[in-house]
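Report on the structure given below.
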Amino acid sequence: MNISILGCGWYGQALAKALITAGHTVKGSTTSPQKLEALAADGIDPYLVSFLQGNEQYDDAFFTCDVLFICIPPKSRGGEGPEFIYKIQGIIKAIKKHGVKNVVFISSTGVYADVNAEVDELSDPQPNTEAGRILLEAEDLFRAESTFKTTIIRFAGLIGPDRDPSRFFAGKKDIANGNAPVNLIHLDDCIGLSMAILTRQAFGYLFNGCSPDHPSRSAFYTVASIRSGLEAPEFLDELKEWKVVRSVNVEAILGYRYKVKIG
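Residues in the sequence shown are numbered from 135 upward in steps of one, following the numbering used here.
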């Protein structure tokens, strides 16, 4: 297939390399001219693409594809809410203009609040963070479109190469909510899920991308710190707000089994 990846960051570039290895043709975008050469070195056909208000630019050829992956998380800490939605509206306009039929939008399990319960794709998200609210609004924009099919992947916390989880808490003391379960996914499974969607042509669905393993924060981050040769953190023995992210669709629709055990 001819696949375009809008946003070749940590996940997007790894996905591109996996797709190329599998025999697909991949176009990848960046907003940084300095990164074009690095994308090309990985066998990715590089494009400079921006949907920033006042600085919109893209080559029509980028949207000539069988599948478009959109991997551009909102910079919520920088107050990007309205600007992110503006970008998504521009992307949707380009999708419709160029007749793209299949889209995969990368969202986050952050759309689910900590409701002290298990949540899955049938749960009402009720986000209680700015990033969660922005992403759910973006999801709704894609769901409202009928001229193309969008699959939404809500990834849990991302770990893997260059994302050592021990960096968050190593050496810290009296960390709250030590007994809360973690919701994480390894990069290998992010790629595995994405490839399964392409193999099954599973467009128009919602998938929670989260490992079925949910050790406590205390257990997981203590082991991660020790493995990295860092000082173990100390958590408070308590359980406050939490959630466990499950999926009713990953195995039923994709038949996918997770490769990397968490913990």
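Even for Gly, the Cβ is constructed at its ideal location relative to N, Cα and C.
Might you give, ordered along the chain, the residues of its own chain that have their beta carbon closer than 8 angstroms to the beta carbon of residue i, omitting 5 neighbours on each side?
i, result
"I219", "I268, E271, A272 and L275"
"L476", "Residue coverage of the chain in this structure runs from 135 to 397, which leaves residue 476 outside it and unanswerable."
"F197", "S138, A228, I229, K231, H232 and V234"
Please classify residue i: is it buried, with 16 or more other beta-carbons within 10 angstroms of its beta-carbon, or exposed?
i, result
"R351", "buried"
"R288", "buried"
"L340", "buried"
"A367", "Residue identity check: residue 367 is Pro in the sequence provided, not Ala. Its Cβ being crowded by 16 or more others within 10 Å, P367 is buried."
"S280", "exposed"
"S300", "buried"
"K307", "exposed"
"L407", "Residue coverage of the chain in this structure runs from 135 to 397, which leaves residue 407 outside it and unanswerable."
"P259", "buried"
"Q335", "exposed"
Distance, Cα to Cα, residue i vs residue j?
i, j, result
"P315", "D322", "21 angstroms"
"K209", "F185", "14 angstroms"
"V357", "E372", "18 angstroms"
"L182", "G141", "10 angstroms"
"T164", "P180", "8 angstroms"
"K393", "N383", "17 angstroms"
"I387", "L332", "12 angstroms"
"K221", "G389", "33 angstroms"
"A156", "E365", "40 angstroms"
"G338", "T284", "5 angstroms"
"P207", "L173", "19 angstroms"
"T159", "A330", "17 angstroms"
"F302", "Q168", "29 angstroms"
"Q147", "D296", "13 angstroms"
"K377", "H320", "19 angstroms"
"E217", "S166", "18 angstroms"
"E385", "I226", "29 angstroms"
"A195", "E171", "18 angstroms"
Please return the same chain residues whose Cβ sits closer than 7 angstroms to the Cβ of residue i, not counting the five positions on each side in sequence.
i, result
"R391", "none"
"V379", "T243, Y246, V253, A290, N317, N342 and C344"
"F369", "I309, G312, R351 and S352"
"L256", "V382"
Residues in the same chain with beta-carbon distance under 6 angstroms from residue i, minus the five sequence neighbours each way, listed in chain order, please.
i, result
"K151", "D176"
"I396", "L318, S345 and D347"
"G143", "none"
"E375", "D248"
"G266", "G244 and V245"
"F354", "V316 and G397"
"N262", "A247"
"G215", "I268"
"V238", "F203 and T285"
Measuring CB to CB, does residue i end up less than 8 angstroms from residue j?
i, j, result
"S381", "D298", "no"
"F282", "N236", "yes"
"S241", "I286", "yes"
"G188", "I178", "no"
"G224", "E264", "no"
"D193", "M135", "no"
"S359", "A278", "no"
Contained beta strand (DSSP E) runs [length at least 3] in the segment 301-388, N- to C-terminal order: Runs of beta strand (DSSP E) with 3 or more residues, each lying fully within the segment 301-388, are found at 318-320, 340-343 and 377-379, listed in chain order.
Start-end ranges of the alpha helix (DSSP H) lying completely within the segment 157-189, minimum 4 residues: 170-175
Beta strand (DSSP E) runs wholly inside the segment 205-285, at least 3 long, in chain order: As far as the segment 205-285 is concerned, its whole beta strand (DSSP E) runs of at least 3 residues are 236-242 and 251-253.
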